[in-house]
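A.B. asks: No gaps in the numbering here: position 105 of the sequence shown is 726 in this note's numbering, and each next residue is one more.
Cβ atoms here follow ideal geometry from the backbone N, Cα and C, with glycine treated the same way.
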Amino acid sequence: KILEQFPYVKIVMLTVSDSEDDLFEAIKSGAKGYLLKNLEPGDLFTMIGTVAQGEAAISPSMASKILNEFARAQAPKPIPTYAQHPLTEREKQVLQCVARGDSNKEIASTLSISESTVRNHLHNILDKLHLENRVQAAIYAFREKDILNPP
Numbered sequence: 622k623i624l625e626q627f628p629y630v631k632i633v634m635l636t637v638s639d640s641e642d643d644l645f646e647a648i649k650s651g652a653k654g655y656l657l658k659n660l661e662p663g664d665l666f667t668m669i670g671t672v673a674q675g676e677a678a679i680s681p682s683m684a685s686k687i688l689n690e691f692a693r694a695q696a697p698k699p700i701p702t703y704a705q706h707p708l709t710e711r712e713k714q715v716l717q718c719v720a721r722g723d724s725n726k727e728i729a730s731t732l733s734i735s736e737s738t739v740r741n742h743l744h745n746i747l748d749k750l751h752l753e754n755r756v757q758a759a760i761y762a763f764r765e766k767d768i769l770n771p772p
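1) What does a CB cutoff of less than 6 Å around residue 641 pick up in its chain, not counting 5 residues either side in sequence?
2) How would you label residue 719, buried or exposed, when you count the other beta carbons within 10 angstroms and need 16 or more for buried?
3) Three or more C-beta pairs closer than 8 Å, one from the stretch 709-725 and one from the stretch 668-682: is that the case here?
4) Taking 7 Å as the limit between beta carbons, can you name the residues of its chain near residue 665, skipping five residues before and five after?
5) Give the list of continuous beta strand (DSSP E) stretches no shorter than 3 residues that lie fully inside the stretch 624-694.
6) Return the chain-ordered ranges of every alpha helix (DSSP H) run that is complete within the stretch 701-739 and spans a minimum of 4 residues.
7) If you count every other CB in all the chains shown that lies within 10 Å of the CB of residue 742, and 16 or more means buried, which is it?
8) Quick check on this structure: which residue in 622, 750, 749, 761 has the alpha carbon closest to the alpha carbon of residue 649?
9) Indicate whether residue 637 and residue 652 have their beta-carbon atoms separated by less than 8 Å.
10) Within the same chain, show all residues whose beta-carbon is closer than 7 Å to that of residue 716, passing over the 5 residues directly before and after it, in chain order.
11) So, is residue 760 buried or exposed, given that buried needs 16 or more other C-beta atoms within 10 angstroms?
And the structure:
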């Protein structure tokens, strides 16, 4: 509410709370600083000056929480191995076509099935392997090429 009436004001939270929830709520609400009261006086004045100059300031221990949360949210999910999620022979064929970059129409023509059936197979593949899209499926296919293309 303060920022609605005074948009030029730079808000700094000076608090004892090292809760991630409080930190993220303050940032979402527009705070330009989140400083813990255990800062040395010199550091406190320096960080307040940083905010006054238009930069953000966050206590170092809280900054590490932000970085950890961001890293956790952005960490790639491991692509499951084939042994955990066996595919049918037809799903393997569809996956091989996806890895080649074929469209659903091209896959349907190659395998003599309808595009609707291709979409169903692709949906099942993504579901079984806990993947989100064709690109991840293609990466999986390249990684598991020995299983998809036995010698």
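C.D. replies: A quick look at the data gives this:
1) Residue 641 sits at position 20 when you count from the first residue of the sequence shown. These residues qualify, in order along the chain: 686.
2) Taking the sequence shown and counting its residues from 1, the one referred to as residue 719 is at position 98. Buried, by the Cβ-count rule.
3) At 8 Å Cβ cutoff, the stretches do not touch.
4) Residue 665 sits at position 44 when you count from the first residue of the sequence shown. 656, listed in sequence order.
5) 633-636, 654-657
6) Qualifying alpha helix (DSSP H) stretches, in chain order: 710-721, 725-732.
7) Translated into positions along the sequence shown, residue 742 becomes position 121. It counts as buried.
8) Against the sequence shown, residue 649 aligns to sequence position 28. Answer by Cα proximity: 622.
9) For the purposes of this step, residue 637 is taken as the residue at position 16 of the sequence shown. For the purposes of this step, residue 652 is taken as the residue at position 31 of the sequence shown. Remark: C-beta atoms of residue 637 and residue 652 do not approach each other more closely than 8 Å.
10) Against the sequence shown, residue 716 aligns to sequence position 95. If we look at residue 716 and ignore the five residues flanking it on each side, its Cβ neighbours are 708, 746, 758, 762, 769.
11) Here residue 760 refers to the residue found at position 139 when the sequence shown is read from its first residue. With fewer than 16 Cβ atoms within 10 Å of its Cβ, residue 760 is classed as exposed.
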